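Each residue of the sequence shown is one higher than the one before, starting from 874 at the first, in my numbering.
All C-beta atoms in this analysis are idealised placements derived from N, C-alpha and C, irrespective of residue type, glycine included.
None of the values given here were measured: they were computed from a predicted structure.
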Amino acid sequence: MSEISTLQEAAKILNRHGLANAAELCTRLVGRLAVDQALGGATEPEPAPGKRLTRITP
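Printed below as a string of structure tokens:
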């Protein structure tokens, strides 16, 4: 089970038990993880064609 699936299931369980605030936090984490996966971990835009990009790595 992926991290996103696990958090989605956790949010459902928390909602069933009346813990809406915790469920909302799980839902936000799902969104952040989904964006991170979609971007492949990148946090900066891709360079324009013909332009060189130097990434700053931590």
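Secondary structure of residue 904 (DSSP, three-state): helix. With fewer than 16 other beta carbons inside 10 angstroms of its own, residue 911 counts as exposed. A direct Cα-Cα distance of roughly 26 Å separates residue 892 from residue 909.
The distance from the Cβ of residue 902 to that of residue 887 is about 12 Å, inconsistent with a contact at the 8 Å cut-off.
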